[in-house]
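What follows is a short report on a single structure.
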Amino acid sequence: MKQTAEVEIKASSSKTWDVYSTLKVYSVIQAELSHLIALDVVEGSGEETTISKITPHPDVSPLPAYKEKSTKIDHENKVKVLEVIEGGYLDIGFTAFRTIYELIETGKEDSTIIRVTIEYEGPEEVCATMDIAPVIKVLEVINHCIVNDKY
Numbered sequence: 001m002k003q004t005a006e007v008e009i010k011a012s013s014s015k016t017w018d019v020y021s022t023l024k025v026y027s028v029i030q031a032e033l034s035h036l037i038a039l040d041v042v043e044g045s046g047e048e049t050t051i052s053k054i055t056p057h058p059d060v061s062p063l064p065a066y067k068e069k070s071t072k073i074d075h076e077n078k079v080k081v082l083e084v085i086e087g088g089y090l091d092i093g094f095t096a097f098r099t100i101y102e103l104i105e106t107g108k109e110d111s112t113i114i115r116v117t118i119e120y121e122g123p124e125e126v127c128a129t130m131d132i133a134p135v136i137k138v139l140e141v142i143n144h145c146i147v148n149d150k151y
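Numbering (full-length UniProt numbering), first residue to last: 1 to 151.
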């Protein structure tokens, strides 16, 4: 199953990709969302195969801590894929969980569309609980920081 949403950011695709495709995105999350989640880079320096550990604060989310791996960073097409490899979504019944970020140029210098897709597999009752809205909220925070050069 999958869910997809698109969010516009008032920044160029190159500026946006410079953050989303590197460890800068982790720095923004650590700085701006530390009250919601803890994020640590476990292995790597932002390239494919980088592994991070995400720990939602228990008073915010019942989701257990999890590790995700960057399995694809395509600089030409501006696509990044993250896959949960341990804990979290897998612990609550999903058998696969990945997030895909695609940057789409709009033809305007200061406008980019970020298409985010979450793909997941598991029992129907588990999949029925999935909602892309929290992912969109995180994107909005990251995008605000990019537009305001806070990265």
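Every residue, glycine too, gets a C-beta built ideally from N, C-alpha and C.
Just so we're clear, the structure is a prediction, and the values are computed from it rather than from any experiment.
Shown here, residue 147 sits in a helix according to DSSP, grouped into three states. Residue 12 sits in coil when the DSSP states are folded into three classes, being neither helix nor strand.
Our two residues, residue 12 and residue 53, have alpha carbons roughly 29 Å apart in a direct line. Residue 30 has its alpha-carbon roughly 24 Å from the corresponding atom of residue 75.
By the beta-carbon neighbour count (other beta carbons within 10 angstroms, threshold 16), residue 143 is buried. With the rule of 3 Cβ pairs closer than 8 Å, the region 17–26 does not count as touching the region 125–134. Note on the UniProt domain "Bet v I/Major latex protein" (4–125): whole beta strand (DSSP E) runs with a minimum of 3 residues are 37–43, 51–56, 66–74, 79–87, 96–105, 112–121, in chain order. With a threshold of 16 other beta carbon atoms within 10 Å, residue 60 falls short and is exposed. In chain order, 113, 115 place their CB closer than 6 Å to the CB of residue 6, counting only its own chain and leaving out the 5 sequence neighbours on each side. Within the same chain, Cβ atoms closer than 6 Å to the Cβ of residue 85 are found at 67, 69, the five residues on either side in sequence being excluded. Counting other Cβ atoms within 10 Å of its Cβ, residue 107 stays below 16 and is therefore classed as exposed. If you check the CB distance, residue 48 and residue 71 come in under 8 Å.
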